[in-house]
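Visitor:
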Amino acid sequence: MLDPLMRRLIDPPLRRAGATLARAGIGADGITLLAFVAGLAAAAAVALGQTWIGLALLALNRLGDGLDGAVARATGATDRGAFLDIVLDFVFYGLMVLGFAVAAPQNALPAAFLLASFMGTGASFLGYAVLAGKRGLSTDLRGRKSFFHMGGLTEGTETIAFLVLCCLFPQYFPLFAWIFGAACWLTALSRVVAGWQDFAGGPGRD
Numbered sequence: 000m001l002d003p004l005m006r007r008l009i010d011p012p013l014r015r016a017g018a019t020l021a022r023a024g025i026g027a028d029g030i031t032l033l034a035f036v037a038g039l040a041a042a043a044a045v046a047l048g049q050t051w052i053g054l055a056l057l058a059l060n061r062l063g064d065g066l067d068g069a070v071a072r073a074t075g076a077t078d079r080g081a082f083l084d085i086v087l088d089f090v091f092y093g094l095m096v097l098g099f100a101v102a103a104p105q106n107a108l109p110a111a112f113l114l115a116s117f118m119g120t121g122a123s124f125l126g127y128a129v130l131a132g133k134r135g136l137s138t139d140l141r142g143r144k145s146f147f148h149m150g151g152l153t154e155g156t157e158t159i160a161f162l163v164l165c166c167l168f169p170q171y172f173p174l175f176a177w178i179f180g181a182a183c184w185l186t187a188l189s190r191v192v193a194g195w196q197d198f199a200g201g202p203g204r205d
C-alpha cells in the first residue's frame, strides 16, 4: 500500500548511489548475495534474543535490497538478478519470522500463522505476476521492475515496518504477528479477487 510513496522518496538517492557503485565495478548480484548474508545474520540474532543486533542487520539487508536494483538499472537489469532478488527476499522474510519463533515458545503459534499468511501473499503475488507478464501488462508505480508488482494492503514497506516493530518490541511479537498475518490474508484475498476478474477468458489452464 505504501510502496509507491516510498519509492518516490528513496529512488532518487538510490539511483545516485547505484550509479556510483556501478562505475566502481560493483555488480548487482554480488550486492544481492551480501544483503542476504546480512539477512541470515539478522534472523540468527533474533533467534538468539539479540533483537537490536537483528535490527541493525535488517537495515543492512534492506539497504542492499535497494542498492542492488539501483545498480542493475545503471548497468542493465537481468532476469537472473530479478529471480535471485525476489527469491531471497521471500526467504529472508520467512527466516526472520522463524527467528522470532525460535526465540520464545509463546511466539511459535503466531509465527506459524504468519508464515501461512506469507504463503498466501507470496503465491498470489507471484501467480499474478506470471499471468500479467504473459499478457504483456506492466506498471511502474513501484519503480521499474523486471516483472509485474501487484500492490496490496501489505507490501514491502509494511513488512519492513512490521519487522522493525518486532525487533524494537519483541515481547509484543505475538500480537503483531496475529494482526499483520490477518492483514496479509486480506491482501491475498484482494489479489485472488483481482486475478479472478482480470484473467477471465483468454488461454485456459496449463
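Residue numbering for the sequence shown follows numbering that gives the first Met the number 0, beginning at 0 and increasing consecutively.
The beta carbon of each residue, even a glycine, is placed where N, CA and C say it ideally should be.
Small disclaimer: the values here were computed from a predicted structure and weren't measured.
Could you tell me which whole alpha helix (DSSP H) segments of length 4 or greater appear in the segment 17 to 70?
Guide: 27 to 46
Visitor: What residues in its chain sit with their C-beta under 6 Å from that of P109, if we drop five residues either side in the sequence?
Guide: P173, A176 and W177
Visitor: Is R153 helix, strand or coil when you go by DSSP?
Guide: Note that residue 153 corresponds to Thr in the displayed sequence, not to Arg. In the structure shown, T153 sits in coil (DSSP, three-state: anything other than H, G, I, E or B).
Visitor: Since G63 and A44 are thought to touch, with beta carbons under 8 Å apart, how far apart are those beta carbons, to the nearest angstrom?
Guide: About 16 Å separates the CB atoms of G63 and A44; that is not less than 8 Å, and the two are not in contact.
Visitor: Just confirm the distance between the C-beta atoms of A21 and T74, as a whole number of angstroms; I'd bet it's less than 8 Å.
Guide: 5 Å
Visitor: What number of angstroms, rounded off, separates the C-alpha of A107 from the C-alpha of A23?
Guide: 44 Å
Visitor: Do you know offhand how far G48's Cα is from L83's?
Guide: 29 Å
Visitor: Determine, using beta carbons only, whether A69 and R14 come nearer to each other than 8 Å.
Guide: Yes; because the gap between Cβ atoms is below 8 Å, this pair is in contact.
Visitor: Less than 8 Å between the CB atoms is what I'm expecting for S119 and C183, so what's the real figure, rounded?
Guide: The sequence given here places Gly at residue 119; Ser does not occur at that position. Their Cβ separation, rounded to whole angstroms, is 6 Å, which keeps G119 and C183 in contact under 8 Å.
Visitor: Go ahead and label Y171 buried or exposed: buried means 16 or more other beta carbons lie within 10 angstroms of its beta carbon, across all protein chains shown.
Guide: Per the 10 Å Cβ criterion, exposed.
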